[in-house]
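K.L.:
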Amino acid sequence: MSVFEKIQNLDRRIIFVTVALAVILPLFFPLKLPVDITAPVQQLYDVIEDLPEGSVVLISIDYDPSGAPELDPATWSVMRHCFSRNHKIFVMGLWATGVPLGMRALETVGAGEYNKEYGIDYVDFGYIPGGAIALVNLGRDVHDVCREDVYGTAVDEIPMMKSIKSADAFGLVLSMSMGVPGSDQWILYYHARYRGNLATAQTAIGAPKYYQYLQTGQLVGLIGGMKGAAEYERLVNKYGLATIGMDSQSIAHLLIIAFIVLGNVIYWMEKRRKN
Amino acid sequence: MTSGVWVWIAGALTLAIYSFLYKDNPFYKVAEYIFVGLSAGYWAVYLFWNFAYPNLFQPLFSEGNYWNIIPLALGFMMFTQLSRRSAWLVRFPLTFVLGVSLGLQLIAAVEGDVVPQLAGTFEPFSRGALFNTYDFWTSIGYIVLLVGVLSTLVYFFFSREHKGVFGGIARTGVFYLMIAFGASFGYTVMARVSLLFGRVHFIFHDWLHIIR
Amino acid sequence: MRLRIPLAIIFVMGIFTIVSHFIPAQPVADLNQTFRNWYIGIISFFIFLGTVNLARSNSEKIKTRARDWKYSIILIISLAVMLVAGFYKGRTSMEEGNPFMYLYFNVQYPLESTMYSLLAFFITSAAFRAFRARNREAVLLLVAAVLVMLGRVPIGAAMWDGFPDVTEWIMSFPNAAAKRGIRLGIDLGLISMALRMILGIERSYMQ
Amino acid sequence: MHKAQSASALLIGLGMLIALGFLPAAGAGVNEAVPAAGPDSAGVPGVLPPTITAIEDTPNDGGTSIDITWEASPSEAIAPGSVIEYSIMRSDAEAGEFENFGTVPAGSTTYSDGGLQHDRPYWYKVTAVGLDSEAASEVSGPGYGRMQWFDDGLESVLALTVLICALIIGSIIYARHKSGLMYLRRLPVFDAIDEAIGRATEMGKKVLFIMGQLDVDDPQTVASMNILARVADRTATYGATLDIPCVWPMAMSMARETVKESYLRAGKPDEYDEDDIYYMTTDQFGYVAGVDGIMMRDRPAANFYLGAFYAESLIFAETGYTIGAIQIAGTAEVDQLPFFVVACDYTLIGEELYAAGASLSGDPVQVGSIRGQDIAKAVFVVMILVGVILRLIGIDIFTEWLAIG
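Chains as they are written, first to last, in the working numbering: chain A, 1 to 275; chain B, 276 to 487; chain C, 488 to 694; chain D, 695 to 1099.
1) Establish whether the CB of F472 of chain B and some CB of chain A are separated by less than 8 Å.
2) Considering only residues of the same chain and omitting the five flanking positions on each side of L322 of chain B, which have a CB-CB separation below 7 Å?
3) Using a Cβ cut-off of 7 Å, pull out every chain D residue sitting near K209 of chain A, in sequence order please.
4) Can you tell me whether L25 of chain A is buried or exposed, with buried defined as 16 or more other CB within 10 angstroms of its CB?
5) What does a CB cutoff of less than 6 Å around S544 of chain C pick up in its chain, not counting 5 residues either side in sequence?
6) Less than 8 Å between the C-beta atoms of L198 of chain A and L214 of chain A, yes or no?
7) If distances are taken between C-alpha atoms only, which option among B:L379, B:A384, B:V389, B:M465 comes closest to I1078 of chain D?
8) Can you name the residues that DSSP bridges to T521 of chain C?
9) Under 6 Å Cβ to Cβ from I345 of chain B, same chain only, skipping five residues before and after it: list those, please.
10) Give me the Cα-Cα distance between L328 of chain B and Y589 of chain C, rounded to the nearest whole angstrom.
11) If you follow the beta strand (DSSP E) that K88 of chain A is in, where does it begin and where does it stop?
12) According to DSSP, is M488 of chain C helix, strand or coil?
13) Tell me the start and end of each unbroken alpha helix (DSSP H) in the segment 138-195 of chain A that is at least 4 residues and wholly inside, in chain order.
14) Kindly give me the distance between the Cβ atoms of G448 of chain B and T427 of chain B, rounded to whole angstroms, as I take these residues to be in contact under 8 Å.
15) Measure the CB-CB distance between A1050 of chain D and L881 of chain D and report whether it falls below 8 Å.
16) Leaving out five residues on either side along the sequence, give the residues of the same chain with a beta carbon under 8 Å from the beta carbon of M944 of chain D.
17) If you draw a straight line from the alpha carbon of G112 of chain A to that of V91 of chain A, how long is it in whole angstroms?
18) If you draw a straight line from the C-alpha of Y462 of chain B to the C-alpha of L188 of chain A, how long is it?
19) If distances are taken between C-alpha atoms only, which option among C:L677, C:G672, C:I673, C:I492 comes closest to L369 of chain B?
20) In the DSSP assignment, find the beta strand (DSSP E) that holds N636 of chain D and state where it starts and stops.
21) Counting only beta-carbon atoms, is G808 of chain D nearer than 8 Å to chain A?
22) For S735 of chain D, which residues from the same chain have a beta carbon less than 6 Å from its beta carbon, with the 5 sequence-adjacent residues on both sides left out?
23) Under 8 Å, Cβ to Cβ, is there at least one residue of chain A near P799 of chain D?
24) Just how far apart, CA to CA, sit T752 of chain D and P815 of chain D?
25) Under three-state DSSP, which class holds G126 of chain A?
26) Under 8 Å, CB to CB, which of the residues in the segment 650-669 of chain C have a partner in chain D?
27) The segment 896-910 of chain D: which residues have C-beta closer than 7 Å to a C-beta of chain C, in chain order?
28) If we count the other Cβ atoms within 10 Å of its Cβ and call it buried at 16 or more, is I15 of chain A buried or exposed?
29) What separation, rounded to the nearest whole angstrom, lies between the Cα atoms of F472 of chain B and A242 of chain A?
30) Would you mind working out which of D:T855, D:T745, D:L922 sits nearest Y957 of chain D, comparing C-alpha positions?
31) Under 8 Å Cβ-Cβ, which residues of chain C neighbour I309 of chain B?
32) Opposite R784 of chain D in the DSSP bridges: which residues?
33) Looking at chain D, is there any beta carbon in it that lies within less than 8 Å of the beta carbon of E70 of chain A?
34) Give the secondary structure of S60 of chain A by DSSP, where H, G and I count as helix, E and B as strand, and everything else as coil.
35) In terms of DSSP beta bridges, what is S806 of chain D paired with?
36) Please list the partners that P744 of chain D has in chain B, where partner means a Cβ-to-Cβ separation under 7 Å.
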């Protein structure tokens, strides 16, 4: 076996160890590189900034723990921005497994940091089953879909819900999404029927396919992956996990590029040797 | 919420999953089966309290909305597929669900995708905007976008051989596809690394308190 | 009867859903909303069904002492634990500070996110092995990937501040163009499949 | 005295002069237009009422909603922030009791009042709510919510829906009569399938077929079945063994039926083994671990991943790559395509998944609908080109008809 073949058939575990190191080491030796702001994130920031005070922002928690490292920082930053502008927040989710994540975010940011009151400044309706179909009904009649909030309170007993009856009530809808059901359903079944401002925060897996909707104006903003979340953290000036994570991202990305280059060098040398 | 004994449980389970990277082993298997059982239970609990109870049972039993018997009956028919003899009964709820969802999917594809995406492709081409409003790279971008959409559409033609001019356009489509897949792959790396970062941060910060 | 009635149901429901989309009048829209609520009711049984299926196939494994049957015991226990934690205090058992939430944040959360984080390792080894500049298409794939990787992290911007802009441009134009082409094709595939199923031409799902 | 101190003393002096009315202030001109009751900067309470300008039926709805439009309270312009919100008051009699049915923040001048009964009269008042006072507009009405039987905002959607459906149905009917005249391009995947299964037979190894995460109600699963029919036909002919772990019980029985038919058609019904097709688990990661186990143990020589795939796509493709299997993938999940394209030998992209099944089976219905989809794509191309030309010469009717921009 030649050296090339040996490297080419490198035990996967060696690659695994280098990846782990690339992510761990920057935690101990931070680089603190500045994060630049991209247009799709700035657009969303401007929309929230320009909404009249007291507008209702719907935040849909369409992710579960496996999307949390990327989407939690985005959710928290957007909530901070909304509360600082005195907007009201309506939380729901298309994934049952994400409900506690939404509750935790509202409690920490709403009740904890901004002293907001449940039922007046924000509500949480938890999991809404039915995906796309539920969204069609939601836009038409919010009270029919959201009968009880996450604590079991009937919708008619919540003061904030008095004026929230249909899609018209929402100044902005934000889907924090990691798959199906998620932003696709919000675009195709909700926005196509009820219009209004719709934006999305995506894991880096989903984000690339939403640029086409950004161009048509179906989306008014896009937070893509941990980088997008780090940008939003910078915009609201409250740094968290996404910003810390950027260093690990930098090194891991470089490592993967190095592996691609190495793989190709071997490939070409091998090819030459055979000729 | 994450403290004391609990954080050690979380930590141990995290390591048990990572042991799969070395090779499949009993620790990983235990963690996997716990996960599968737990999440199935979680879904059932949530679905009951957050949906079935307020939206199905309460209207039926407390408010006397007897129409809700229909979805309940159809829902229970789903269970007939568990036995071979009655399995055909599942067709009733299945076709109901399919009828509604396919109808909506069909409309959504036209209303949410086809109409706005077609319009969005030529909408930027108003004379004034193309030459004055946008900056240079954006104008070029819109032309690139137009060529790309047309050539990828041509690539997806199945009833004509990709030859001659037609084949040339289809090949351009392939180039676009490759750029898009490459770009998406590059973009996606972040998602995968984020998850690993999240766990590593948990291990060293929340669990072992090695970093602040 | 076993075939005709289901075919009639899918036809009537499908056509009604499509046609009624264009009719805003209240009686039609209300009926539509009712049907959709029924849909959600039925579909939620799919998930209950999944739970039953899981319990059944695993208790089967335990009974027959199939391969890995000991693990199935663990599965059944964790399923039961979660159900008890979720129901023992009625609705309030899902609130903060109860076992249900502790199990979520300390068992389910780490397990699920760790499970997905394995992908970070797989993507690296896939990049190393499979990203080869074999031909022109592969070169495009590779170059686009590397450019975007550099443009999405701060270290790329630190090398050359043009990387983020290049990335955004690639994503917004050539990427969006190809995705749009793919998407329109998929939409057509979906429309034609939906139409065939509603009209009863495609019945393979009823076997 | 420092310079800064003297400057501030000067400012205070000037301020006092302005306050006493000796010097004109910058905004003083506006004051003259303000009635005595108006709020001034000192915060004296008293908000001016808004004026309702229109009460109209909300267009294109079921008759359950009325649009109210008003002119903002003049106080908003005079003292920004003095109006906090507007309350929309409704009554079903002109002199009746008015109740608050909705609140919008200051700055808004329209409200759609929903949840009404159609063809019944309603009267409205809009109240401007200030910090410690409020002022109601005059009663206005009656307004009626009217039912519409066609949503004319959806003309273009209806037209395109009808057109696409007609093209597909038309092509299917045409294909049933003249199937011989329909041509479908031979996708390279045909040869790839034959080659992969041929190699598996030579090596005496299994053929692994994965049909994705979704159940039989997903179009991708149905398309996957159509390709499975061909794959099973090849394994029957060559004598290779299939291995099909399933995610859903119903998908399993569908796969069994499909494979059985293929073996019958190939004339080898006795070689069909039901146990090759089995239910594994519905859980995504349980399934991944199971399939990974099969790959590492049995080292199949040909892997097919056709259908709806999510995060597991990369794990399958990577593991399959390391065991050296020929891999053929196809999905309409756009997010997952890059991984398949990078790590598999052949990938069916989006619509190709549907088309491959059609041309493999040669079934006139499927061939016909692919033909219809092609014509629809040609229509899209023409629409885009016409749109660009019209935009360039400055005609916007087409863009407006499609309800964008």
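Glycine included, C-beta positions come from ideal geometry on N, C-alpha and C. Being a predicted model, the structure only gives us computed values, none of them experimental.
P.N.:
This is what the structure holds:
1) yes
2) none
3) V1028, D1029
4) exposed
5) none
6) no
7) B:V389
8) DSSP output for T521 of chain C lists no bridge partner at all.
9) none
10) Per the sequence shown, the amino acid found at residue 328 of chain B is Tyr instead of Leu. Approximately 23 Å, taken between the alpha carbons.
11) 88-93
12) coil
13) 142-145
14) 4 Å
15) yes
16) D909, V910
17) 17 Å
18) 24 Å
19) C:I492
20) Because chain D is modelled from 695 through 1099, residue 636 of chain D falls outside the range shown and cannot be assessed.
21) yes
22) Only weak support exists for where S735 of chain D lies, its pLDDT of 44 falling under 50; the coordinates are left without a value.
23) yes
24) 14 Å
25) strand
26) K666, I669
27) V910
28) buried
29) 10 Å
30) D:L922
31) I561, L562, S565, V594, L598
32) D:E793, D:Y818
33) no
34) strand
35) D:D761
36) The contacting residues do not exist; P744 of chain D stays about 36 Å from chain B at best.
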